[in-house]
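Engineer: Protein chains in written order, with our numbering: chain A, 1 to 114; chain B, 115 to 231.
1. Give me whichever residues DSSP pairs with residue 186 (chain B) in a beta bridge.
2. Check whether the Cβ atoms of residue 82 (chain A) and residue 37 (chain A) lie closer than 7 Å to each other.
3. What in chain B is Cβ-close to residue 101 (chain A), meaning under 7 Å?
4. Measure the C-alpha to C-alpha separation of residue 121 (chain B) and residue 223 (chain B) and round it to an integer number of angstroms.
5. Given a cut-off of 7 Å, decide if residue 160 (chain B) and residue 175 (chain B) are closer than it, judged by their beta-carbon atoms.
6. Where does residue 84 (chain A) sit, in a helix, a strand or coil, going by DSSP?
7. Checking 7 Å against the spacing of the C-beta atoms, do residue 182 (chain B) and residue 165 (chain B) come in under that value?
8. Assuming residue 45 (chain A) and residue 28 (chain A) form a contact by the criterion Cβ under 8 Å, report the distance between their Cβ atoms to the nearest whole angstrom.
9. If you drop the 5 nearest sequence neighbours on each side, which residues of the same chain put their C-beta closer than 6 Å to that of residue 149 (chain B)?
10. Considering only their Cβ atoms, is the gap separating residue 201 (chain B) from residue 180 (chain B) smaller than 7 Å?
11. Quick one: does residue 125 (chain B) have its CB under 7 Å from some CB of chain A?
12. Should residue 169 (chain B) be flagged as near chain A, meaning a C-beta pair shorter than 7 Å?
13. Would you mind telling me which residues of chain A sit closer than 8 Å to residue 156 (chain B), beta carbon to beta carbon, in chain order?
14. Mind checking who residue 64 (chain A) pairs with in its DSSP beta bridge?
15. Of the residues A:43, A:64 and A:70, which one's Cα is nearest the Cα of residue 54 (chain A)?
16. The beta strand (DSSP E) with residue 47 (chain A) in it runs from where to where?
17. Under 8 Å by Cβ, that's how I've got residue 49 (chain A) and residue 67 (chain A) pegged, so tell me the actual separation to the nearest angstrom.
18. Tell me whether residue 198 (chain B) is buried or exposed, calling it buried when 16 or more other Cβ atoms sit within 10 Å of its Cβ.
19. Output needed in chain order: residues of the stretch 67 to 98 of chain A with a Cβ under 7 Å from some Cβ in chain B.
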């Protein structure tokens with residue numbers, strides 16, 4: 001049973017470009033969560049999605065950030081017009097529908113903005 | 115809002131010895147979950163152990179055990195017979211057990227554990 005998959009593992013973008021981070025949940029998991037880890041910090045919740053629905057995006061910056069989890073395909077975290085402060089590790093986790101306390105994390109995408 | 119505090123930025127232990135990592139949290143809830151996650155240099159987040167607040171018995175997973183003191187809001191992790199592969203950043207995390215936001219994990223800032231051969 002494959003774990004949570006994220007790609008790319010490393011992403012370098014220049015200021016002003018767009019970053020797209022992908023997350024494929026574990027088989028059978030319908031809930032996806034995105035967290036951000038800034039240097040020297042713990043992970044911070046960004047957004048919680050179910051298929052075709054954003055349930056809670058309270059941790060996501062209002063501007064430039066968006067997330068989706070379509071009916072088919074991976075969940076996408078999109079950052080438009082990236083700035084240096086967006087440099088961080090972005091982790092995706094997934095859980096079964098009825099056990100949200102069991103969040104399994106992917107390996108993360110390290111975004112570097114130059 | 116809940117907060118999680120890990121007061122030890124770094125810890126070290128000799129191989130085969132025992133080490134305890136500290137975690138305290140602040141909450142007004144009575145129903146919640148606590149977790150320890152391990153993040154090795156690969157940066158993969160790995161769940162080490164989970165504790166349900168309603169359970170009085172401390173969780174144990176092989177060489178890993180917790181000391182859960184609900185009244186003191188303390189949740190320490192004990193690693194016995196430390197191995198080189200235990201070297202990692204360890205994060206304590208909290209999750210509400212009920213209510214509208216019972217899916218968010220709140221993490222501490224982490225403790226970097228070094229294991230010396």
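Glycine is no exception: its CB is placed at the ideal position from the N, C-alpha and C atoms. For clarity, every value in this text was computed on a predicted model and none was experimentally measured.
Structural biologist: With the structure as the only source:
1. Position 72 of the second chain, counting from 1, holds the residue named residue 186 (chain B). According to DSSP, residue 186 (chain B) bridges with nothing at all.
2. To locate residue 82 (chain A), count along the first chain from 1; it is residue 82. To locate residue 37 (chain A), count along the first chain from 1; it is residue 37. No, the Cβ-Cβ distance between residue 82 (chain A) and residue 37 (chain A) is not below 7 Å.
3. In the first chain, counting from the first residue as 1, residue 101 (chain A) sits at position 101. Result: 147 and 209.
4. The residue given as residue 121 (chain B) occupies position 7 in the second chain. The residue given as residue 223 (chain B) occupies position 109 in the second chain. C-alpha separation (whole angstroms): 9 Å.
5. Against the second chain, residue 175 (chain B) aligns to sequence position 61. Against the second chain, residue 160 (chain B) aligns to sequence position 46. No, the Cβ-Cβ distance between residue 175 (chain B) and residue 160 (chain B) is not below 7 Å.
6. Position 84 of the first chain, counted from the first residue, corresponds to residue 84 (chain A). If DSSP states are grouped into helix, strand and coil, residue 84 (chain A) belongs with the helices.
7. One-based indexing of the second chain puts residue 182 (chain B) at position 68. One-based indexing of the second chain puts residue 165 (chain B) at position 51. Yes, the Cβ-Cβ distance between residue 182 (chain B) and residue 165 (chain B) is below 7 Å.
8. Counting from one through the first chain, the residue named residue 45 (chain A) turns up at place 45. Counting from one through the first chain, the residue named residue 28 (chain A) turns up at place 28. The Cβ separation is near 23 Å, so there is no contact.
9. Position 35 of the second chain, counted from the start, is the residue given in the question as residue 149 (chain B). So the qualifying residues of the chain are 164 and 207.
10. As a position in the second chain, residue 180 (chain B) is number 66, starting the count at 1. As a position in the second chain, residue 201 (chain B) is number 87, starting the count at 1. Going by C-beta atoms, residue 180 (chain B) is not nearer than 7 Å to residue 201 (chain B).
11. Here residue 125 (chain B) corresponds to residue number 11 of the second chain, with the count starting at 1. Residue 125 (chain B) does not count as touching chain A.
12. Sequence index remark: in the second chain, residue 169 (chain B) carries index 55 (1-based). No, residue 169 (chain B) does not count as interfacial toward chain A.
13. The residue you call residue 156 (chain B) lines up with position 42 of the second chain. Going along chain A in sequence order, the residues near residue 156 (chain B) (Cβ under 8 Å) are 107.
14. Looking up residue 64 (chain A) in the first chain gives position 64. Answer is none; residue 64 (chain A) lacks a bridge partner.
15. The residue labelled residue 54 (chain A) in the question sits at position 54 within the first chain. Minimum Cα distance to residue 54 (chain A) is reached at A:70.
16. As a working mapping, residue 47 (chain A) is identified with position 47 in the first chain. Taken as a continuous stretch (DSSP letters only), the beta strand (DSSP E) holding residue 47 (chain A) covers 43 to 50.
17. Reading the first chain from its first residue, position 49 is the one you call residue 49 (chain A). Reading the first chain from its first residue, position 67 is the one you call residue 67 (chain A). With 8 Å as the limit, residue 49 (chain A) and residue 67 (chain A) qualify as a contact, their Cβ atoms being about 6 Å apart.
18. For the purposes of this step, residue 198 (chain B) is identified with residue 84 of the second chain, where counting begins at 1. Classification of residue 198 (chain B): exposed, given that the 10 Å Cβ count is below 16.
19. 89 and 91
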